[in-house]
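Notes for the one structure printed next.
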Amino acid sequence: PAMPSISVGMAVATGEVLSVLSVLIPGSPPMYEVALAVDADGSTAVIQSPVDPDETTNDACCTYLTFLDLTTGKALPGSGLVHAPLSNRSVLDESGGMLYAAQPETSDLVTVDVMTGDVRTSSPAAFEDNDPLWRDPGVAILDAGTVAVGADDHVRL
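In our numbering, the protein residues as written are 1 to 157.
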C-alpha cells in the first residue's frame with residue numbers, strides 16, 4: 001500500500017503548506033491515477049484509488065474511496081470499495097455528505113454517501129465489468145437537485 005501525503009491547506013498568496021496528512025490508501029495498478037476532491041468548506045475530502053481486487057492483473061475495475069474528516073484527520077465510515085471505475089473529476093456536495101462521480105465508460109452517475117457508504121447509480125450498467133477507458137467525464141453540481149455529467153458529445157442532467 002502507498003502512503004501519500006496530502007496538503008490539507010495552502011495559503012493562496014504564499015503557497016505555504018499549512019498542514020499535511022499522511023493517509024494509508026490501497027495501491028493502484030500502474031498507469032492509473034489517484035484523485036482527490038474536497039468539499040466547499042474544506043472539512044471533508046475523498047481520495048479515489050483505482051484498484052483491482054484480483055491482484056494478479058493490472059486492471060482497475062473498482063475504486064476504493066477514502067473519505068476523510070480534514071478537521072480530525074480521521075477516515076469517515078463511508079470509506080470502502082465501489083465495484084465500478086470512477087472518473088477522476090468527482091465532486092462532493094456543499095455539505096460534504098455526498099460524492100458525485102461518473103462511470104468513465106457509460107457516463108452513468110454514481111453517488112456515494114460519505115457516512116454510510118451507500119452507493120446509488122443512474123443505471124445498473126455502472127456496475128458491469130467494464131474495460132477501463134482513458135476517458136474522464138466531468139461531474140458538476142448545478143443546484144441542490146440537479147447534477148450534470150459529461151457524456152461524449154452531450155451533457156446529462
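Glycine included, every Cβ here is placed at the ideal spot set by N, Cα and C.
Nothing here was measured: the structure is a model prediction, and the numbers come from that model.
>> Considering only their Cβ atoms, is the gap separating S122 from A101 smaller than 8 Å?
In response: no
> Do V46 and L81 come within 8 Å of each other at the CB atom, strictly closer than that value?
Replying inline: no
> With a CB to CB cut of under 6 Å and the five nearest residues on each side skipped, what residues in its chain are close to A40?
Replying inline: E94
> Can you tell me the Cα-Cα spacing of S79 and L142, whole angstroms?
Replying inline: A straight line joining the alpha-carbon of S79 with that of L142 spans about 25 Å.
> Going by DSSP, what residues sit across from H154 in a beta bridge?
Replying inline: Paired residues: A151.
> Using the rule of at least 16 other Cβ atoms within 10 Å of the residue's Cβ for burial, across every protein chain shown, is V139 buried or exposed?
Replying inline: buried
> According to DSSP, what are the bridge partners of Q103?
Replying inline: Answer is none; Q103 lacks a bridge partner.
>> If you follow the beta strand (DSSP E) that F67 is in, where does it begin and where does it stop?
In response: 62-69
> So what's A126 in DSSP terms, helix, strand or just coil?
Replying inline: In the structure shown, A126 sits in a helix (DSSP, three-state: H, G or I).
> So, using beta-carbon positions, are A75 and F127 closer together than 8 Å?
Replying inline: no
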